[in-house]
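**Student:** Provided herewith is a single structure, encoded as structure tokens, for subsequent inquiry.
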Amino acid sequence: MLVSAKEMLDKAREGHYAVGQFNINNLEWTKAILQTAQELQSPVILGVSEGAGKYMCGYTTVVGMVKGMINELGITVPVALHLDHGTYEGAKKCINAGFSSIMFDGSHYPIEDNIRMTTELVNACHVLGISIEAEVGAIGGEEDGVIGRGECADPNECKMIADLGVDMLAAGIGNIHGVYPANWEGLSFETLAAVKEKVGDMPLVLHGGTGIPDDQVTKAISLGVAKINVNTECQLVFAEATRKYIEAGKDQQGKGFDPRKLLAPGAEAIKAKVKEKMELFGSVGKA
Ligand code: 13P
Numbered sequence: 001m002l003v004s005a006k007e008m009l010d011k012a013r014e015g016h017y018a019v020g021q022f023n024i025n026n027l028e029w030t031k032a033i034l035q036t037a038q039e040l041q042s043p044v045i046l047g048v049s050e051g052a053g054k055y056m057c058g059y060t061t062v063v064g065m066v067k068g069m070i071n072e073l074g075i076t077v078p079v080a081l082h083l084d085h086g087t088y089e090g091a092k093k094c095i096n097a098g099f100s101s102i103m104f105d106g107s108h109y110p111i112e113d114n115i116r117m118t119t120e121l122v123n124a125c126h127v128l129g130i131s132i133e134a135e136v137g138a139i140g141g142e143e144d145g146v147i148g149r150g151e152c153a154d155p156n157e158c159k160m161i162a163d164l165g166v167d168m169l170a171a172g173i174g175n176i177h178g179v180y181p182a183n184w185e186g187l188s189f190e191t192l193a194a195v196k197e198k199v200g201d202m203p204l205v206l207h208g209g210t211g212i213p214d215d216q217v218t219k220a221i222s223l224g225v226a227k228i229n230v231n232t233e234c235q236l237v238f239a240e241a242t243r244k245y246i247e248a249g250k251d252q253q254g255k256g257f258d259p260r261k262l263l264a265p266g267a268e269a270i271k272a273k274v275k276e277k278m279e280l281f282g283s284v285g286k287a
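Numbering (this note's numbering), first residue to last: 1 to 287.
Structure representation (structure tokens):
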């Protein structure tokens with residue numbers, strides 16, 4: 001079922017667990033994530049960056065693929081199809097293409113502009129039953145060409161954006177996209193607690209899930225994080241499993257070059273990673 005992320009995130013916040021957003025890049029990725037969610041009876045959010053959307057031949061192609069797969073694989077757990085770090089224009093395209101959830105990342109605009117554009121998109125989404133995520137305080141690092149400075153969010157600005165009626169809020173708390181550098185200072189739980197104090201029951205989103213130590217993830221969930229985004233870690237395990245297959249010469253044995261065989265170890269590695277994260281986040285059996 002393709003659903004808005006609102007209900008699953010409200011339930012997660014109340015139940016003190018988090019729903020994973022796993023970014024998709026192609027058919028294998030999508031299938032591996034959906035099958036794992038179904039097997040573990042976990043709700044799931046499929047994240048699509050603007051770059052990945054373009055790579056997969058546009059948002060309508062993505063919607064067609066995901067809806068078709070949910071149908072053909074008999075997926076019954078709640079699935080949200082979510083635009084990740086959308087621009088204003090990208091968000092409008094996804095709303096029209098049939099996404100069930102969007103993120104508008106206005107964190108790099110002055111707060112007044114972020115408020116204006118977020119308000120317009122909240123109205124457009126809610127008429128259609130689509131959930132919307134907004135961001136305050138840029139997430140550091142680079143993801144698909146979107147570069148953030150990694151600042152901690154201002155709790156008062158978080159309150160202003162939360163009050164616009166968004167369904168989930170990404171607040172920068174020292175998290176960054178990609179692999180964390182060795183000198184990373186860890187998440188700012190002080191900022192997280194201050195944001196939570198201001199925004200109350202709003203489900204909070206933790207971006208940059210790759211490489212955050214388990215104890216910090218658990219603590220973040222206890223402080224109101226209800227959605228955690230993971231992208232790079234799935235890419236790393238996919239690449240590693242594919243490399244091992246080729247280095248072992250398996251692509252040259254029999255029909256080992258058949259893409260259905262060549263890409264299978266990578267897909268299995270994604271499944272194992274998604275399972276590990278769903279168990280850590282506590283979403284198993286919560287469908
Ligand atoms: P990572 O690539 O660091 O896991 O971050 C993913 C993310 O936050 C997507 O928005």
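Beta carbons: idealized from backbone N, C-alpha and C, even for Gly. Predicted model, so just to flag it, every value in this text is computed and none were measured.
#1: Could you tell me if the beta carbon of V230 falls within a distance shorter than 7 Å of some heavy atom in the ligand 13P?
#2: Would you list, in sequence order, the uninterrupted beta strand (DSSP E) runs of no fewer than 3 residues that lie entirely inside the region 35 to 108?
#3: Please tell me whether N229 and V205 are closer than 8 Å, where the distance is taken between their beta carbons.
#4: With respect to the beta strand (DSSP E) encompassing A171, which residues constitute its N-terminal and C-terminal limits?
#5: Decide if V127 is buried, meaning its Cβ has at least 16 other Cβ atoms within 10 Å, or exposed.
#6: Mind checking whether the beta-carbon of E233 lies closer than 7 Å to any heavy atom of the ligand 13P?
#7: Cβ of D154 within 8 Å of Cβ of L9?
#8: For T242 and G68, what's the separation of their Cα atoms in angstroms?
#9: Helix, strand or coil for V274, going by three-state DSSP, please let me know.
#10: If you drop the 5 nearest sequence neighbours on each side, which residues of the same chain put their C-beta closer than 8 Å to that of M117?
#11: Does the Cβ of Q21 have 16 or more other Cβ atoms within 10 Å, making it buried, or fewer, making it exposed?
#12: Does the ligand 13P have even one heavy atom less than 7 Å from the beta-carbon of D84?
#13: Below 7 Å, is the gap between the Cβ of H177 and the nearest heavy atom of the ligand 13P?
#14: When you compare only the Cα positions, how much space is there between K159 and H207?
#15: Identify the residues that DSSP records as bridge partners of E133: which are they?
#16: If the criterion is Cβ atoms closer than 8 Å, does the pair L187 and A220 meet it?
#17: Could you give the distance in angstroms between the alpha-carbon of N25 and the alpha-carbon of Y180?
#18: Using C-beta distances below 7 Å, list every residue in its chain close to A287, excluding the 5 sequence neighbours before and after it, in chain order.
#19: Any idea if N231 is buried or exposed, counting beta-carbon neighbours within 10 angstroms, 16 or more meaning buried?
#20: How would you label F281, buried or exposed, when you count the other beta carbons within 10 angstroms and need 16 or more for buried?
#21: Per DSSP, what kind of secondary structure is V205 in: helix, strand or coil?
**Tutor:** Considering the structure as presented:
#1: Checking every heavy atom of the ligand 13P against the Cβ of V230, one is found closer than 7 Å.
#2: You should have 44 to 49, 79 to 86 and 101 to 104.
#3: Yes, the pair counts as a contact, with Cβ atoms nearer than the cut-off.
#4: First-last of the beta strand (DSSP E) with A171: M168 to A171.
#5: Around the beta carbon of V127, fewer than 16 other beta carbons lie within 10 angstroms, which makes this residue exposed.
#6: Within the cutoff, so yes.
#7: For D154 and L9, no; Cβs fall outside 8 Å.
#8: The C-alpha of T242 lies about 26 Å from the C-alpha of G68.
#9: The answer is helix: DSSP assigns V274 an H, G or I state.
#10: The residues are Y88, F104, G106 and Y109.
#11: By the Cβ neighbour-count rule, Q21 is buried, with 16 or more other Cβ atoms within 10 Å of its own.
#12: Judged by the Cβ position, D84 qualifies as a neighbour of the ligand 13P at the 7 Å threshold, a heavy atom of the ligand being closer than this.
#13: With a threshold of 7 Å, the Cβ atom of H177 counts as near the ligand 13P, since some heavy atom of the ligand is closer than that.
#14: Roughly 19 Å between the two C-alpha positions.
#15: DSSP, once it has assigned bridges, lists M103 and M168 as partnering E133.
#16: The answer is yes: Cβ separation under 8 Å.
#17: In this structure, the straight-line span from the alpha carbon of N25 to that of Y180 is close to 22 Å.
#18: Spatial neighbours of A287 in its own chain (CB-CB distance under 7 Å, excluding positions within 5 residues in sequence) are listed in chain order as Q41, S42, P43, V77 and P78.
#19: Buried, by the Cβ-count rule.
#20: Flag for F281 reads buried.
#21: Three-state result, V205: strand.
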